[in-house]
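Numbering-wise, the sequence shown is residues 1 to 817 according to full-length UniProt numbering. Here a beta-carbon is modelled for each residue, glycine too, at the ideal position from N, C-alpha and C. The structure presented is a predicted model; accordingly, all values stated were derived computationally and were not measured. Here's the structure we're looking at; comments come further down.
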Amino acid sequence: MELADGSTDIVHPEVRAHINSLVSALGGISADSDGGYQLGDDALEVLRDLKRWIRFYDEKTNRMDVARCIHEANLVEGDLLPILSTWPENATDSKFKSRMALACFELMVPLTWPMARDRERMTVNHHRHMPVLELAQVGYKRAVVNYDGARVLHTAIRVALPSMAIPIGDRTQRDQGIIKLVLFFLRNIAMIEPPPDVKYEGDESQISRSATIDAFSYQDIFLVLLTLASNMGEDFRAEDTSVMEIIYHLVKQVDIEKLFMNEQQLSKAKAGELADMMSKESSMLKAYNRKGPTRHNRFGTMIWVKRDDGKMSSLSGQDALADASTRNQKMDNSKTFRPPRRARKGDKDEKDLGLPTKLNSRAYDQLRSFVEDFLDSGFNPLFQHVRKTIDREAPHVMQYHRRQFFYLVAWFLEAERMRRKARKQSSQNPSEDISSFNLVAGVLNQEMFITLNKALHESLEMKDWHELTAVMRCFTQILLTVQEMSESGNEDNEEIAENVLSRLFYEEATHDAIATIIRTYKDQSFNYLDAATELVHHFLRILEGYSKQNIDMQVRSRKRTRRKKKAAQDAAGIENDNDENDGSDNDAASAERTTKERKFDFHRFATRFTPQSVVDTFVAFTKYYRDLTDSQLKRAHRYFYRVAFKAEASVMLFRVDIIHLFYNMIKGPAALEKSSRVFKEWEELVKQVLRKCFKKLEQRPELLAEMLFSKGSSTAFFLEYGFERQTVTTASKAKPAAELVFKNTEELDRQIAIVVGAMLDKNQANHVAWIKKILGDAESERKAFMAAEEAMASVEPVQDEAEEQPTESGPKAPPIF
């Protein structure tokens, strides 16, 4: 709307006038010498009116005008926080101050609520206000976390303490709402981060994860979270997902290995990272200076390159003058097919995890103390209750809660393993209660495995890659935790680990899902690719060891034979009224036939991870070798070693791009650092693969052409052994057509008339004519056959009587000599 001075106001003037008048009536800085905040006469009603404006104007009409006006009026920093500071911490009996504080938080929660960019519901107002309000929320967080006048987060807990102290059976709906309100406020403060596409002009250290963790520790929020988590299911029930969300936004993307390092180890790790980065930078600068621009190459350059076949190719650019490898690379890049990129769909769920979080030493100490206390007291109660809540699909469970649940389970399982490792390195002897695996036993039971498998199959079927990534991380950490249990040396732990592994590996559907995940990778994120390759690596490794220890290992396979049979009968139009063939009384026997147990063959299962699609997935992962850690490079190395030597499917690696990748990793311009711990292993692997490739080229010259293409199973078998795979195919007998059944018509001529009429109605007169012809031919042949029989009967009896007459005259006389 255009104003009198010619400027344009994006908010309706009446709305702005109402909000400004309410903010003015709320109060202000006192003119006294103390300079404190002086409340207005109707301050409580003013706060409630502002809440009504947000609820009935912004939320009902899907606008953000009120939130924009409140931000421009500086309500949070100028009024709400000073009002909270007027409630001293030692004043516990002031009901008016408590109500004022509650009214302030009722305003701050919607103002700090995370904003979702839903393109289907976004209007022009959203595009106008959201960038400003996102930065406003960052300012709110900075003001709340760094406010000197009062401990704002602690004040929020004081508001909810009276409701928390009431037994769960006596709490009213208002008490439950107050507790949820405070938890939402803590969640919002922990969740707010600077928007990734906007530069934050303030000091980012005041809103960083380290500052948030420091505020949560100083203002006793960690103690409240531990209390809620340890009493979940007894004194608290509906607050489980809120507590989980707060913890999720505090620990996500935190390096667990650094979390359990002491100060000396942490400084050494940081120095090592800095040295690695400087080494990579120096090597990059050397390559750049060797082929980079100079003061004399600012003019265009075009050269002709003579290829091996005598043809000429033109190249432009000064870098083409550097060396032959650069020229070949430029020509290869020009020949690379680059399909048009389609726009990626926006993530309608919460924001991605983001980059790894860097914490200072103080934040590491505070977070480590909280994580250790949470593992000791709150892990099992919280995650057992959250799992039950997710399984029963409670109304307060959102879509992203299941993803956060699996991510946190994986994160804390890895944290427990790192804590054990740190204690072993420091030669500490913890008590049996603390060092036992009972601290994480709540996620190692059969109910958790059912939930995990269900989420694995559902997320794969629905193509929810973010959730599937979290599920794969959780599955991997459970496998690693159980493996540590089996190697702990404690008989009870080893027996439990044996039982857990038998349950994890019992379902063949789980094996199929993991093979499908790694086989069907296409263009998902690197985080998904990393999780998939990690799961396959550890799953194969642990399953191989378990199958060697248990030679008679059994797996359960499910086949829908009964449903397929019934569907085939329905499609054929067969109505089976026979009670004997109905099968309704034999459901138990039918179910036993569809679910079978068979002996597990690991070699047969491992061959499912050698097709070209699985190799391509690991090749796509290995292409990031310059950015991969030693453990990730070792994971890829073990897979290629398994394919080439254990599975004897090295032909799958004989492709030009794969050989070129292996060569570049060792001898290329951007090769692995020779100081890396896995360089020697990769160098030996590449040497052996190339040696096998050259030998195979001598044996199978046709492999030279096949190196340009991907290979199917039959082609790979022929190239490996020199003959085609011998398969025995049993031709299935064609089933006879279904017979017509007439329930109410018994006369044969009437039945034939019905069939002929139905065929004529379907324009099948040619079939009727064919049947008439066949029947006519059969009739003529029958008549001819009968006539021949009658003719033969009239001739043959005379001869028979002459021959048989002596036998009919009585007994034959004895011969006379």
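Given a cut-off of 8 Å, decide if T510 and L460 are closer than it, judged by their beta-carbon atoms. Residue mapping note: residue 460 aligns to position 460 of the sequence shown, counting from 1. Residue mapping note: residue 510 aligns to position 510 of the sequence shown, counting from 1. In this structure, L460 keeps its C-beta atom at 8 Å or more from the C-beta atom of T510.
Is it the case that the Cβ atoms of L653 and V689 are separated by a distance below 8 Å? For this step, residue 653 is matched to residue 653 along the sequence shown. For this step, residue 689 is matched to residue 689 along the sequence shown. Less than 8 Å divides the Cβ of L653 from the Cβ of V689.
In this structure, how does DSSP classify G722 when only helix, strand and coil are distinguished? Position 722 of the sequence shown, counted from the first residue, corresponds to residue 722. Looking at G722 - three-state DSSP - the assignment turns out to be coil, as it is neither helix nor strand.
Could you pull out every unbroken alpha helix (DSSP H) segment of at least 4 residues lying fully inside the segment 680-707, listed in chain order? You should have 703-706.
Going by C-alpha to C-alpha distance, which of L479, E508, A513 and F618 sits closest to N499? By 1-based counting over the sequence shown, the position of residue 499 is 499. When each option's Cα is compared against that of N499, the closest is L479.
S30 versus L228, H537, A91 and G78, residue with shortest Cα-Cα distance: Here residue 30 corresponds to residue number 30 of the sequence shown, with the count starting at 1. It is G78.
By Cβ distance below 8 Å, which residues in the same chain neighbour T112 in space, the five residues on each side in sequence not counted? In the sequence shown, counting from the first residue as 1, residue 112 sits at position 112. Taking T112 as the centre and dropping the five residues before and after it, the same chain places the C-beta of Q137, Y140, K141, F185, N188, I189 and I192 closer than 8 Å to its C-beta, in chain order.
Less than 8 Å between the beta carbons of A415 and L529, yes or no? For the purposes of this step, residue 415 is taken as the residue at position 415 of the sequence shown. For the purposes of this step, residue 529 is taken as the residue at position 529 of the sequence shown. Cβ distance not < 8 Å, so A415 and L529 don't count as in contact.
Strand pairing of V555, partner residues [DSSP]: By 1-based counting over the sequence shown, the position of residue 555 is 555. The partner list for V555 (beta bridge, DSSP) reads R598.
Should A591 be labelled buried (16 or more other beta-carbon atoms within 10 Å of its own) or exposed? Along the sequence shown, one-based indexing puts residue 591 at 591. Only weak support exists for where A591 lies, its pLDDT of 47 falling under 50; the value from the coordinates is given anyway. Exposed, since its Cβ has fewer than 16 Cβ neighbours within 10 Å.
In whole angstroms, give me the CA-to-CA distance for E281 and M707. Translated into the one-based positions of the sequence shown, residue 281 becomes position 281. Translated into the one-based positions of the sequence shown, residue 707 becomes position 707. Pairing E281 with M707, the inter-Cα distance amounts to about 35 Å.
Which of helix, strand or coil does DSSP assign to I303? Position 303 of the sequence shown holds residue 303. When DSSP states are grouped into helix, strand and coil, I303 belongs to the strand group.
Can you give me the Cβ contacts of A644 inside the same chain, cut-off strictly under 8 Å, excluding the 5 residues immediately before and after it? Counting from one through the sequence shown, the residue named residue 644 turns up at place 644. Answer for A644: S650, L653, L685, Q688, V689 and K692, listed in chain order.
Check whether the segment 56-64 and the segment 114-129 touch, using three or more Cβ-Cβ pairs below 8 Å as the test. Taking a contact to require three or more Cβ pairs closer than 8 Å, the segment 56-64 and the segment 114-129 qualify as touching.
For the alpha helix (DSSP H) containing G545, name the first residue and the last one. For the purposes of this step, residue 545 is identified with residue 545 of the sequence shown, where counting begins at 1. Here the alpha helix (DSSP H) through G545 covers F526 to Q549.
For Y625 versus M665, is the C-beta distance shorter than 8 Å? The sequence position of residue 625 within the sequence shown is 625, counting from 1. The sequence position of residue 665 within the sequence shown is 665, counting from 1. Yes, these two residues count as a Cβ contact at 8 Å.
Less than 8 Å between the beta carbons of I514 and L408, yes or no? The residue given as residue 514 occupies position 514 in the sequence shown. The residue given as residue 408 occupies position 408 in the sequence shown. Contact flag unset, no.
Given this structure, state the Cα-to-Cα distance separating A143 from T212, to the nearest angstrom. Stepping through the sequence shown from its first residue, residue 143 is reached at position 143. Stepping through the sequence shown from its first residue, residue 212 is reached at position 212. Separation of A143 and T212 (C-alpha to C-alpha, rounded to the nearest whole angstrom) is 12 Å.
Taking G354 as the reference, give the member of Q253, A769 and A671 with the closest Cα. Position 354 of the sequence shown, counted from the first residue, corresponds to residue 354. Per the Cα distances, Q253.
Local conformation of T227 per DSSP, three classes: Position 227 of the sequence shown holds residue 227. The answer is helix: DSSP assigns T227 an H, G or I state.
Just tell me which of S369, C104 and R725 has its CA closest to the CA of P82. Residue mapping note: residue 82 aligns to position 82 of the sequence shown, counting from 1. Minimum Cα-Cα distance from P82 among the listed residues S369, C104 and R725 corresponds to C104.
Do three or more CB pairs link the segment 697-716 to the segment 599-616 at distances below 8 Å? Under the Cβ criterion (8 Å, minimum of three pairs), the segment 697-716 counts as touching the segment 599-616.
Alpha carbon to alpha carbon, how far is V440 from S377? Looking up residue 440 in the sequence shown gives position 440. Looking up residue 377 in the sequence shown gives position 377. Taken atom to atom, the span from the alpha-carbon of V440 to that of S377 is near 10 Å.
What whole-angstrom Cβ distance do E467 and R402 have, given they're in contact under 8 Å? If you number the sequence shown from 1, residue 467 lands on position 467. If you number the sequence shown from 1, residue 402 lands on position 402. Between E467 and R402 a beta carbon distance of about 6 Å is seen, short of the 8 Å cut, so the two are scored as contacting.
So S85 is in the alpha helix (DSSP H); what residue range does that whole segment cover? Along the sequence shown, read from residue 1 onward, the residue named residue 85 stands at position 85. From DSSP, the alpha helix (DSSP H) with S85 extends over L81 to S85.
T520, DSSP secondary structure in three states: The count along the sequence shown starts at 1 and reaches residue 520 at position 520. Shown here, T520 sits in coil according to DSSP, grouped into three states, outside any helix or strand.
My guess is that L382 and M244 are in contact by the Cβ rule of under 8 Å, so how many angstroms apart are they, rounded? Walking along the sequence shown from the start, residue 382 turns up at place 382. Walking along the sequence shown from the start, residue 244 turns up at place 244. The beta-carbon distance between L382 and M244, rounded to whole angstroms, is 7 Å. This is short enough to meet the 8 Å contact definition.
Counting Cβ pairs closer than 8 Å, one from the segment 190-209 and one from the segment 173-180, do we hit at least three? Touching, no, given that fewer than three Cβ pairs across the two stretches are closer than 8 Å.
Quick check: S242 and L183, are their CB atoms within less than 8 Å of each other? For the purposes of this step, residue 242 is identified with residue 242 of the sequence shown, where counting begins at 1. For the purposes of this step, residue 183 is identified with residue 183 of the sequence shown, where counting begins at 1. For S242 and L183, yes; Cβs fall inside 8 Å.
Please report the straight-line C-alpha distance between L456 and P611, rounded to a whole angstrom. Here residue 456 is taken as the residue at index 456 of the sequence shown, counted from 1. Here residue 611 is taken as the residue at index 611 of the sequence shown, counted from 1. The alpha-carbon atoms of L456 and P611 are separated by roughly 22 Å.
Just curious, the alpha helix (DSSP H) that Q173 is in, first and last residue? Counting from one through the sequence shown, the residue named residue 173 turns up at place 173. Taken as a continuous stretch (DSSP letters only), the alpha helix (DSSP H) holding Q173 covers Q173 to M191.
Using a threshold of 8 Å, state whether the C-beta atoms of H385 and D240 are closer than that. Residue numbering aside, residue 385 sits at position 385 when the sequence shown is read from its first letter. Residue numbering aside, residue 240 sits at position 240 when the sequence shown is read from its first letter. In contact: H385 and D240 (Cβ atoms closer than 8 Å).
Which residues in the same chain have their Cβ closer than 7 Å to the Cβ of Q524, if we skip the five residues on either side of it in sequence? Looking up residue 524 in the sequence shown gives position 524. Excluding sequence neighbours, Q524 sits near W465.
Note down the Cα distance separating I774 from I752, rounded to an integer number of angstroms. Your numbering for residue 774 matches position 774 in the sequence shown. Your numbering for residue 752 matches position 752 in the sequence shown. Taking the straight line from one Cα to the other gives about 16 Å.
Beta-ladder partner(s) of G28, from DSSP: Locating residue 28 in the sequence shown gives position 28, where the first residue counts as 1. DSSP output for G28 lists Q38 as bridge partner(s).
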